[in-house]
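One structure is given below, encoded as structure tokens.
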Ligand SMILES: [Zn+2]
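In the working numbering, the protein residues as written are 201 to 260.
Below you can see the structure in the form of structure tokens.
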């Protein structure tokens, strides 16, 4: 199940859209910002229906 969520890049503050795969359960992964190309850490927590997404810089 794929969901889209807008988040704000922790580096440049741009609002970007992420595609979330809720079928994989809790996940942590890194994706480069499409705007400033710096590595954003995504922390996705989901039970397959509801989810919370935290984004932070790699340094935190
Ligand atoms: Zn950025």
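Every residue, glycine too, gets a C-beta built ideally from N, C-alpha and C.
At the level of alpha carbons, what is the spacing between residue i and residue j?
{"i": "residue 256", "j": "residue 209", "result": "8 Å"}
{"i": "residue 246", "j": "residue 219", "result": "14 Å"}
{"i": "residue 223", "j": "residue 212", "result": "29 Å"}
{"i": "residue 237", "j": "residue 221", "result": "22 Å"}
{"i": "residue 258", "j": "residue 201", "result": "27 Å"}
{"i": "residue 217", "j": "residue 204", "result": "7 Å"}
{"i": "residue 248", "j": "residue 231", "result": "21 Å"}
{"i": "residue 235", "j": "residue 215", "result": "9 Å"}
Since residue i and residue j should fall inside the 8 Å C-beta cutoff, what is the C-beta to C-beta distance between them, to a whole number of angstroms?
{"i": "residue 228", "j": "residue 243", "result": "5 Å"}
Which one or two residues does DSSP pair with residue i in a beta bridge?
{"i": "residue 218", "result": "205"}
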